[in-house]
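Peer 1:
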Amino acid sequence: MAALNQITSSSRSRFLKPLASFSSSQSLRRSFSSPADDTSVITVETSVPFTGHKIDPPSRTVETTPKELLGFFRDMAVMRRMEIAADSLYKAKLIRGFCHLYDGQEAVSVGMEAAITKKDCIITAYRDHCIFLGRGGTLLESFSELMGRQSGCSKGKGGSMHFYKKDSGFYGGHGIVGAQVPLGCGLAFAQKYSKDNTVTFAMYGDGAANQGQLFEALNMAALLDLPAILVCENNHYGMGTAEWRAAKSPAYYKRGDYVPGLKVDGMDAFAVKQACKFAKEYALQNGPIILEMDTYRYHGHSMSDPGSTYRTRDEISGVRQERDPIERIKKLILSHELATEKELKDAEKEVRKEVDDAIAQAKESPMPDPSELFTNVYLKGFGVEAFGADRKHLKAVLP
Ligand SMILES: Cc1ncc(C[n+]2csc(CCOP(=O)(O)OP(=O)(O)O)c2C)c(N)n1
Ligand SMILES: [Mg+2]
Numbered sequence: 001m002a003a004l005n006q007i008t009s010s011s012r013s014r015f016l017k018p019l020a021s022f023s024s025s026q027s028l029r030r031s032f033s034s035p036a037d038d039t040s041v042i043t044v045e046t047s048v049p050f051t052g053h054k055i056d057p058p059s060r061t062v063e064t065t066p067k068e069l070l071g072f073f074r075d076m077a078v079m080r081r082m083e084i085a086a087d088s089l090y091k092a093k094l095i096r097g098f099c100h101l102y103d104g105q106e107a108v109s110v111g112m113e114a115a116i117t118k119k120d121c122i123i124t125a126y127r128d129h130c131i132f133l134g135r136g137g138t139l140l141e142s143f144s145e146l147m148g149r150q151s152g153c154s155k156g157k158g159g160s161m162h163f164y165k166k167d168s169g170f171y172g173g174h175g176i177v178g179a180q181v182p183l184g185c186g187l188a189f190a191q192k193y194s195k196d197n198t199v200t201f202a203m204y205g206d207g208a209a210n211q212g213q214l215f216e217a218l219n220m221a222a223l224l225d226l227p228a229i230l231v232c233e234n235n236h237y238g239m240g241t242a243e244w245r246a247a248k249s250p251a252y253y254k255r256g257d258y259v260p261g262l263k264v265d266g267m268d269a270f271a272v273k274q275a276c277k278f279a280k281e282y283a284l285q286n287g288p289i290i291l292e293m294d295t296y297r298y299h300g301h302s303m304s305d306p307g308s309t310y311r312t313r314d315e316i317s318g319v320r321q322e323r324d325p326i327e328r329i330k331k332l333i334l335s336h337e338l339a340t341e342k343e344l345k346d347a348e349k350e351v352r353k354e355v356d357d358a359i360a361q362a363k364e365s366p367m368p369d370p371s372e373l374f375t376n377v378y379l380k381g382f383g384v385e386a387f388g389a390d391r392k393h394l395k396a397v398l399p
């Protein structure tokens, strides 16, 4: 029962380490009486059955371990706290520009990572902070990027919407609604071409699901049997527009027509894990598949949206009470007696401290040098030239 205490006490500089390395580290092994304990098999049922479109859905029974359960709790607690802290930093004007928070949707990232490897690729839209953490990014890189500092994952030049981590298969971080889906299919094309047995998860929202480019990309992916998994994170709103006002059919898992799909409880990390494992196997053999993750965002669309004009407070608090992804995992931990309530509370306190420490460290990092303004924009030596309006007068050769 001392599991969580020991997890927390061993995590002094957690903000410098990626999530995955934390949850699989020696600290957990020390928490149990024998090394076999933290990997002993626990069987859980998903909250609701999967619903399939043109495919038989996987089983609701999912295998896990104490180590995974505690890791899920911890990783989601870090994500939640990071987003809440980002909200405060924004209000204090330390984060500027666009900022879209992910709290409520954490189970999608955590469940997906549990089913795949860092050789698989992920690409997403602008709600990208927690996806980056899930891929192994650190709190320090995240807060630095949010505050436009040099130690950010995009050297402080991308900001909230442009987090990247290519060394573990994270390709951003995109602000144009839906545009990441064709790019994701391109990644899947490269994976098929190089025969490396990996897949791409291209994530998009329910609003983006109505975009034409998504269907064009899906058509090509299906023609070429690309290992592309289209993940529709259905949080039920595109900005302030409810799904039913924007979509004639909000059954997004069916919207691929000839491409099979699966509807998944995106608030249940184990359902997400099961669905992503299933989808990866399917996509490697057969080509694209759609996963609709039924999820919810607690914050408004972005920082300029209080999030309460187009939905009721009761709706938000109802989801928190009934479906919260962290509470679900907490209940499982308690029912399997892997930790006590107090240990979980202590772990949350420790997470808070790690987040605060990371923010303090990020504030120490300088802003990018002005000379960085034109770096990483054009590839050097490609002869990019800027002409005047008449297209004749050469104005500048860009670096
Ligand atoms: C092509 C394009 N059109 C419009 C916008 C403005 N816009 C930004 S986010 C958004 C809503 C997208 O909602 P959804 O796909 O459900 O994603 P969520 O924000 O819910 O995660 C819109 C319309 C944009 N960024 N790009
Ligand atoms: Mg949405």
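Residue 1 is where the sequence shown starts when you use full-length UniProt numbering, and the numbers rise one by one after that.
Quick reminder that beta carbons are idealized off the backbone N, C-alpha and C, glycines included.
I'd like the span of the beta strand (DSSP E) that includes TYR204, first residue to last.
Peer 2: Note, TYR204: beta strand (DSSP E), 200-205.
Peer 1: Per DSSP, what are the beta-bridge partners of PHE237 in this structure?
Peer 2: The displayed chain sequence assigns Tyr, not Phe, to residue 237. Its beta-bridge partners are ALA242.
Peer 1: Could you pull the start and end residues of the alpha helix (DSSP H) that VAL259 belongs to?
Peer 2: Per DSSP, VAL259 belongs to no alpha helix (DSSP H) and is neither H nor E.
Peer 1: Can you tell me which of PRO66, HIS53 and LEU218 puts its alpha carbon nearest to the alpha carbon of VAL44?
Peer 2: The candidate whose alpha carbon is nearest that of VAL44 is PRO66.
Peer 1: Roughly how many whole angstroms lie between the Cα atoms of TYR171 and ILE122?
Peer 2: One C-alpha to the other measures close to 6 Å.
Peer 1: When you compare each of LYS93, LYS192 and VAL272 to THR46 by their alpha carbons, which one comes out closest?
Peer 2: Of LYS93, LYS192 and VAL272, the residue nearest in Cα terms is VAL272.
Peer 1: Please look up how many angstroms separate the CB atoms of VAL110 and PHE72, rounded, as I've assumed it's under 8 Å.
Peer 2: So it is a contact: roughly 5 Å between Cβ atoms.
Peer 1: Do THR51 and PRO58 have their C-beta atoms within less than 8 Å of each other?
Peer 2: Not closer than 8 Å, so no.
Peer 1: So VAL62 and PHE270 are supposed to be a Cβ contact under 8 Å. How far apart are they, rounded?
Peer 2: 4 Å between Cβ atoms; contact.
Peer 1: Please list, in chain order, all residues with a C-beta atom less than 5 Å from at least one heavy atom of ligand 1.
Peer 2: Any residue whose Cβ sits closer than 5 Å to a heavy atom of ligand 1 makes the list: ARG127, ILE176, VAL177, GLY205, ASP206, GLY207, ALA208, ASN235, GLY238 and MET239.
Peer 1: In the segment 249-308, which residue ranges form an unbroken alpha helix (DSSP H) of at least 4 residues, counting only runs that do not cross its ends?
Peer 2: You should have 269-286.
Peer 1: Can VAL199 and LYS280 be called in contact, C-beta distance under 8 Å?
Peer 2: Result yes, Cβ atoms of VAL199 and LYS280 sit closer than 8 Å.
Peer 1: With a floor of 3 residues, list each beta strand (DSSP E) that falls wholly inside the segment 156-216, ordered by position along the chain.
Peer 2: 200-205, all fully within the segment 156-216.
Peer 1: Does the beta-carbon of MET367 have 16 or more other beta-carbons within 10 angstroms, so that it is buried, or is it exposed?
Peer 2: So MET367 ends up on the exposed side.
Peer 1: So, with DSSP's three-state summary, where would you put ILE329?
Peer 2: Here ILE329 sits in helix by DSSP.
Peer 1: Report the option in ALA202, GLU337, ILE333 and ARG245 whose CA atom is closest to the CA atom of MET293.
Peer 2: Closest option to MET293, Cα to Cα, is ALA202.
Peer 1: If you measure between the beta carbons of THR138 and ILE131, is that distance less than 8 Å?
Peer 2: In this structure, ILE131 does not lie closer than 8 Å to THR138 by Cβ.
Peer 1: Could you check whether the Cβ of GLU354 sits closer than 7 Å to any heavy atom belonging to ligand 4?
Peer 2: Among the ligands modelled here, namely ligand 1 and ligand 2, ligand 4 does not occur.
Peer 1: So what does DSSP say about THR51, is it helix, strand or coil?
Peer 2: DSSP places THR51 in strand when its eight states are reduced to three.
Peer 1: Buried or exposed for SER194, going by 16 or more other Cβ atoms inside 10 Å?
Peer 2: Exposed, by the Cβ-count rule.
Peer 1: Using 8 Å for Cβ pairs, my map puts PHE163 next to ASP128. What's the rounded Cβ distance?
Peer 2: So it is a contact: roughly 5 Å between Cβ atoms.
Peer 1: My assumption, with CB atoms under 8 Å, is that ASP196 sits in contact with GLU243. Please give the rounded CB distance.
Peer 2: Between GLU243 and ASP196 the Cβ distance is about 36 Å, and since that is not below 8 Å, they are no contact.
Peer 1: If you check the beta carbons only, do ALA222 and TYR253 fall under 8 Å apart?
Peer 2: Against a cut-off of 8 Å, the Cβ pair of TYR253 and ALA222 comes out as no contact.
Peer 1: Along the chain, which unbroken stretches of the beta strand (DSSP E) at least 3 residues long are found entirely within the segment 93-133?
Peer 2: The qualifying runs are 121-123.
Peer 1: Please report how far the alpha carbon of MET310 lies from the alpha carbon of GLN321, in whole angstroms.
Peer 2: Looking at the sequence provided, one finds Tyr at residue 310 rather than Met. Going from the Cα of TYR310 to the Cα of GLN321 covers about 20 Å.
Peer 1: Would you kindly report the start and end of the unbroken beta strand (DSSP E) that includes ALA86?
Peer 2: It is not in any beta strand (DSSP E) - ALA86 instead sits in the alpha helix (DSSP H) that spans 66-91.
Peer 1: Looking only at its chain, what residues have a beta carbon closer than 8 Å to the beta carbon of MET76, apart from the 5 residues adjacent to it on each side?
Peer 2: Taken in chain order, the residues that qualify are GLU106, ALA107, VAL110, ALA269, PRO325, ILE326 and ILE329.
Peer 1: Reducing DSSP to helix, strand and coil, say where VAL44 ends up.
Peer 2: Strand, per DSSP.
Peer 1: Tell me where the alpha helix (DSSP H) around PHE143 begins and ends.
Peer 2: Per DSSP, PHE143 belongs to the alpha helix (DSSP H) from 139-146.
Peer 1: Looking at the structure shown, is VAL355 part of a helix, part of a strand, or coil, going by DSSP?
Peer 2: VAL355: helix per DSSP, three-state reduction.
Peer 1: Relative to the alpha-carbon of GLU348, which residue among ILE42, ARG81, THR39 and ASP38 has its alpha-carbon at the smallest distance?
Peer 2: When each option's Cα is compared against that of GLU348, the closest is ARG81.
Peer 1: Please classify HIS174: is it buried, with 16 or more other beta-carbons within 10 angstroms of its beta-carbon, or exposed?
Peer 2: HIS174 should be labelled buried.
Peer 1: Using the beta-carbon count (16 or more within 10 Å), is ALA396 buried or exposed?
Peer 2: When all chains shown are included, ALA396 counts as exposed.
Peer 1: Among residues of its own chain, excluding the 5 on either side of CYS153, which ones have a beta-carbon nearer than 8 Å to its beta-carbon?
Peer 2: Answer for CYS153: PHE132, GLY137, GLU141, SER142, SER144, GLU145, PHE163, TYR164 and LYS165, listed in chain order.
Peer 1: Ignore the nearest five residues each way along the sequence and tell me which others in GLY156's own chain have a CB closer than 6 Å to its CB.
Peer 2: GLY148, ARG149, GLN150 and PRO368.
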